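Scroll down for the structure; my scribbles are underneath it.
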Amino acid sequence: MAQKNFPPLVKKSHWLFGNMMDLKRDSLGSLTRWQQEMGPFFGFHAMSRPQLVNAKPEYTKYILQDNNKNYIKGKAFDLLRALLGNGILTSEGDFWRKQRRMAQPAFHKARLAGMTQSMLQVIDTFLTEWEQKYKPGDRINVSEEFNHLTLKIVAKALFESEVSDDIYKVGGYLFDGMERLMMRLRNPLIPPRWIPTPGNIKEKKTLQVLFDVVEKIIIDRQNDPREYNDLLAMLMTTQDEDTGEVMSRQQLLDEVMTIFMAGHETTAVALGYIFWKLSQYPEIDQQVDQEIEQALGSGNLTFDSLRSLPYTRQVVNEVLRLYPPAWTVGRRAINDDEIGGYHIPAGTGVMLPIYLVHHDPQWWDSPEEFLPERWADTQKIKQMPKFTYFPFGGGPRLCIGDQFAQLEIFAVLSMLKQRFKFEHQPKHDIKLLPLVTMRPKDDIYLTLK
Ligand code: HEM
């Protein structure tokens, strides 16, 4: 078959900025519209260079899995490196492989089972604080609360660290950092970091606060004579197979920063969406309550009991389908390639918007509706092509914390629902803010019953 040229391109909407302003104005709306007009594999103009968008599961599998060696992380990750350093999330090649191998054992099932009790303990303490802080009728900013909670869980479970309330600052600073990052991504006219503009000075300060918190965790551990068996201990002591050296201080800092940041915001956002959705669907909410009550009752919560809540799992799957917190992943071709008969020149960026595939009517009946029961037909779900549902990415760079995140979601859901009820409210939409993660534009508030 003769090779086709480049995939079809969206018409430019600005002679200089190409289609960047459309994306800046409304990323999800623009991408959805373009997909409807152009099909699932197309390009848009990112300034002078075309950038590809793929929402076809078959090609996603090819890029993330079958030919993953030809696709490194995209431009967003170059920028993310300024925020998170060169850790597992942002590094490439042999260096990434080595770092991932070192961290992977900390996320194995047996380890997670061991972490469950400390996770539950953090949630218990947090909810006890809620009991003192809130009374029925109070409106709770659950977005903020879940951000605090997931920060504490990740710090405790992975770094055995009793972080002080200073940790809450991190959430805010991270948000500022991500906003700035997206501005850089979408607007190349932002002055480079070394020019001391007010925005750049603020960005520098933000990064400093983040690094200070993380550095403190490492220093505290270095000064602690007790023996630990968590991720931090593993990262600090594992030796390089070739050189026998342990990780440099900078590398350690980058890895801790990465796990810390990648490990809390996404889960917090997911929890926010789950409780917000349940508040609008009383029957589904009650069914979740019943399942938790029947399966867990007053018995001990364990790794296994938390994972055997089939209806609740359907609800969680459905929320992550509708609102994938990591709404897109990006890659860049190293060498020339061919996908679907199209020529892909080396250096081309490819966006793989998880959100678009999760909302594609080709794969999902009534894609915009919240229908947890669609997950009940496990046979049908199994037969769907790979990468029609991939909230945690896929291929070798699948989220390292996918099982951790799910355990955490089930633990928070179960404990919170056993101790608190939120009022139901009429169905309504919220505005989404797709930055690096996709969070609600405005924080979610729920009223305590
Ligand atoms: C609901 C929660 C979460 C979601 C939706 C999520 C989503 C994702 C996705 C889509 C990727 C792939 C990015 C890519 O291919 O470019 C990823 C990677 C990653 N995630 Fe998560 N994540 C979640 C929770 C966590 C947690 C709890 C941790 C750690 C404790 C974590 C740590 C990481 C790391 C380190 C990577 C990079 C893996 C690599 O490149 O080898 N994530 N995550």
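Per numbering that gives the first Met the number 0, the very first residue in the sequence shown carries number 0; after that it's consecutive. Glycine is no exception: its CB is placed at the ideal position from the N, C-alpha and C atoms. It should be emphasised that the depicted structure is a prediction, and the values quoted were computed from it without experimental measurement.
Notebook entry, point to check: Alpha carbon to alpha carbon, how far is E159 from D253?
Noted result: 18 Å
Item checked: G17, buried or exposed, once every other Cβ within 10 Å from all chains shown has been counted against 16 -> buried
Check: A404 and T257: beta carbons closer than 8 Å?
Finding: no
Margin query: Tell me the residue span of the alpha helix (DSSP H) that contains L83.
Written below: 74-83
Check: Does any heavy atom of the ligand HEM sit closer than 7 Å to the C-beta of P309?
Finding: no
Next item on the list: With DSSP as the reference, please indicate the residues paired to H13 in a beta bridge.
Entry: G17
Next item on the list: Below 6 Å CB to CB, which residues in the same chain sit around I443 once its five sequence neighbours on both sides are set aside?
Entry: V141, S142, G271, W275
Check: Sorted by chain position, which residues of the same chain lie with C-beta nearer than 7 Å to P395's C-beta, five sequence neighbours on each side aside?
Finding: N67
Next item on the list: Closer than 7 Å by C-beta to W374: which residues in its own chain qualify, once you throw out the five before and the five after it? Chain order, please.
Entry: Q313, N316, E317, I380
Checklist line | Same chain only: Cβ atoms within 8 Å of S307, ignoring 5 sequence neighbours per side | finding: A294
Checklist line | Member of I122, Y61, Q417 whose CA lies at the smallest distance from the CA of K287 | finding: Looking at the sequence provided, one finds Val at residue 287 rather than Lys. Nearest of I122, Y61, Q417 to V287, Cα basis: Q417.
Check: Quick one: complete beta strand (DSSP E) runs, 3+ long, within the stretch 291-349?
Finding: 327-332, 336-338, 341-343
Next item on the list: Mind reading off the beta-carbon distance from M350 to L82? Whole number of angstroms is fine, and I expect it under 8 Å.
Entry: With a Cβ gap of about 20 Å, M350 and L82 do not count as contacting.
Item checked: Rounded distance between the beta-carbons of K72 and R330, thought under 8 Å -> 6 Å
Check: So, helix, strand or coil for Y61, using DSSP?
Finding: helix
Check: For V153, is the beta carbon positioned less than 7 Å from some heavy atom of the ligand HEM?
Finding: yes
Next item on the list: Within the same chain, show all residues whose beta-carbon is closer than 6 Å to that of T446, passing over the 5 residues directly before and after it, in chain order.
Entry: R138, E422
Notebook entry, point to check: Which of helix, strand or coil does DSSP assign to L51?
Noted result: strand
Item checked: Where N140 falls: helix, strand or coil (DSSP) -> strand
Note to self: Strictly under 8 Å for the Cβ-Cβ distance: is Y280 near chain B by that measure?
What the structure shows: Considering every chain present, this structure includes no chain B. It has just one protein chain.
Notebook entry, point to check: By the 10 Å Cβ neighbour count, where 16 or more other Cβ atoms means buried, how is R438 classified, buried or exposed?
Noted result: buried
Next item on the list: Give the secondary structure of F421 by DSSP, where H, G and I count as helix, E and B as strand, and everything else as coil.
Entry: strand
Notebook entry, point to check: From what residue to what residue does the alpha helix (DSSP H) around P197 run?
Noted result: 197-221
Notebook entry, point to check: Is it right to say E128 is buried, meaning 16 or more other beta carbons lie within 10 angstroms of its own, or is it exposed?
Noted result: exposed
Margin query: Closer than 8 Å is the cut-off here; do at least three beta carbon pairs connect the stretch 385-395 with the stretch 319-328?
Written below: yes
Item checked: Which of helix, strand or coil DSSP assigns to M437 -> strand
Check: Quick one: is N53 buried, meaning 16 or more other Cβ sit within 10 Å of its Cβ, or exposed?
Finding: buried
Margin query: I'd like to check one pair, L355 with T31: are the Cβ atoms closer than 8 Å?
Written below: yes
Next item on the list: Within 10 angstroms of the Cβ of S29, are there 16 or more other Cβ atoms? Answer buried if so, exposed if not.
Entry: buried
Next item on the list: Using three-state DSSP, classify I189 as helix, strand or coil.
Entry: coil
Margin query: Pull the bridge partners of Y444 from the DSSP assignment, please.
Written below: N140
Check: Short check: CB of K430 to CB of K420, under 8 Å?
Finding: no
Check: When every heavy atom of the ligand HEM is checked, does at least one fall within less than 7 Å of the C-beta of T115?
Finding: no
Check: Do you know whose CA, among M182, V212, F210, K385, lies nearest F199's CA?
Finding: A small fix is needed here, since residue 199 is Asn in this sequence, not Phe. It is M182 whose Cα lies nearest to the Cα of N199.
Check: Can you list, in chain order, the residues of its chain whose CB lies under 8 Å from that of E36, leaving out five sequence neighbours each side?
Finding: V9
Item checked: Beta-ladder partner(s) of L8, from DSSP -> G42
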